[in-house]
Amino acid sequence: MSLFWRIFLLNAVVLAAATALLLWAPVTVSVPIVLTEAVVLTGGMVAMLLANAVLLRIGLAPLDRLTRLMTRIDLLRPGQRLPVTGRGEIADVVRTFNEMLDRLEAERGDSNARALSAQESERRRIARELHDEVGQSLTAVLLELKRLGDRVPEELGADLRDAQETTRASLDEVRRLARRLRPGVLDDLGLVAALTALTTEFRTHTGLDVRRRFDPDLPPLPNEAELVLYRVVQESLTNVARHADATGAEVALRRTPAGVALRIRDDGRGLGRSKEGSGIRGMRERALFVSADFTISTMDGGGTEVSLHVPALDRSS
Numbered sequence: 013m014s015l016f017w018r019i020f021l022l023n024a025v026v027l028a029a030a031t032a033l034l035l036w037a038p039v040t041v042s043v044p045i046v047l048t049e050a051v052v053l054t055g056g057m058v059a060m061l062l063a064n065a066v067l068l069r070i071g072l073a074p075l076d077r078l079t080r081l082m083t084r085i086d087l088l089r090p091g092q093r094l095p096v097t098g099r100g101e102i103a104d105v106v107r108t109f110n111e112m113l114d115r116l117e118a119e120r121g122d123s124n125a126r127a128l129s130a131q132e133s134e135r136r137r138i139a140r141e142l143h144d145e146v147g148q149s150l151t152a153v154l155l156e157l158k159r160l161g162d163r164v165p166e167e168l169g170a171d172l173r174d175a176q177e178t179t180r181a182s183l184d185e186v187r188r189l190a191r192r193l194r195p196g197v198l199d200d201l202g203l204v205a206a207l208t209a210l211t212t213e214f215r216t217h218t219g220l221d222v223r224r225r226f227d228p229d230l231p232p233l234p235n236e237a238e239l240v241l242y243r244v245v246q247e248s249l250t251n252v253a254r255h256a257d258a259t260g261a262e263v264a265l266r267r268t269p270a271g272v273a274l275r276i277r278d279d280g281r282g283l284g285r286s287k288e289g290s291g292i293r294g295m296r297e298r299a300l301f302v303s304a305d306f307t308i309s310t311m312d313g314g315g316t317e318v319s320l321h322v323p324a325l326d327r328s329s
């Protein structure tokens, strides 16, 4: 039944009921109208309007649910759908909206995959250039300064040693940036070794007490999933160090029946009323890239918890 006929019949039912009551009820209208007749007619009109409003509310309820869903829909939180009940135009609208969400989520997933792949390729290129070009140039400068230190007068030796220390510090910073852009240890030694190095680096450079809890029997994961886990830990610890006012954090990896569960907790001030920034939305996009479940919330005792559940590698396929 179309929406037009649905509304028309609802109003027709109300009007027919009101007409039947007027025909068979012992009510008459005098000229001029008396007070009791006016009260009866007014009460009947109010009852008719209320009945019409209730019936229309029931009939148009699916459109209200669709409107509420449309105002809060977020493609980074997939799976939000409305149940399709009955037939007619409203059911067709709900079904079409659900199908549109399916297409948008699929297209968003494809575009995210291409963007993240291009981003990692660019990170790899920049890291390689930092390591090979800038790193080697600074190493050559450091060696030249050392060679000059053996030939210059003693009164210039202190200045040359200061220049050597500055160059050595710059070389260490370039190497650290290259490791953050593309963790070579992840490709060479695996996820656990890469996260161990990452947390150790954060403890050294930020003073944050980062604790690790890694299960020894983690299942094999796709390369993309390991990279997503690494990036989520990296972004989470960066947020903790910059915004959480925390003194400690915990990074845990545990085996689950479906794959691997990552959990990062801190003892900071929590999310509060702040909106999700680009860092958190970037983590959500990475989670969608590997079909992982991502959640972030403020814990009851304070602090923030980030959780990521990644499916394991299907060896049967």
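Residue numbers (this note's numbering): 13 to 329. Cβ coordinates follow ideal geometry from the N, Cα and C atoms, glycine included.
Check, Outcome
"Under the rule that 16 or more other beta-carbon atoms within 10 Å means buried, what is residue 114, buried or exposed?", "exposed"
"Pick helix, strand or coil for residue 274, following the three-state DSSP scheme.", "strand"
"At 3 residues or longer, and completely inside the stretch 240-310: list those beta strand (DSSP E) runs for me, N to C.", "260-267, 271-278, 305-310"
"Who are the Cβ neighbours of residue 130 in its own chain at under 7 Å, not counting the five residues just before and after it?", "none"
"How big is the Cα-Cα spacing for residue 237 and residue 321?", "10 Å"
"Exposed or buried, which one is residue 328 when buried takes at least 16 other CB atoms within 10 Å?", "In this prediction, residue 328 scores a pLDDT of 48, lower than 50, which makes its location untrustworthy; no coordinate-derived value is stated."
"Taking the DSSP output, what are the residues bridged to residue 172?", "DSSP output for residue 172 lists no bridge partner at all."
"So which of 107, 186, 110, 168 has the shortest CA-CA distance to residue 146?", "186"
"Check whether the stretch 302-312 touches the stretch 233-249, counting contact only when three or more Cβ pairs, one atom from each stretch, lie closer than 8 Å.", "yes"
"Spatial neighbours of residue 183 within its chain, please: C-beta separation below 7 Å, excluding the five flanking residues on both sides.", "147, 150, 151, 154"
"Using a Cβ-Cβ cutoff of less than 6 Å, which residues in the same chain neighbour residue 262 once the five nearest sequence positions on both sides are dropped?", "223, 277"
"Cα-Cα, which of 144, 177, 134 is closest to residue 158?", "177"
"Please determine, among 257, 76, 292, the residue with the shortest C-alpha to C-alpha distance to residue 246.", "292"
"Taking residue 298 and residue 244 to be in contact with their CB atoms under 8 Å, please state how far apart those CB atoms are, rounded to whole angstroms.", "6 Å"
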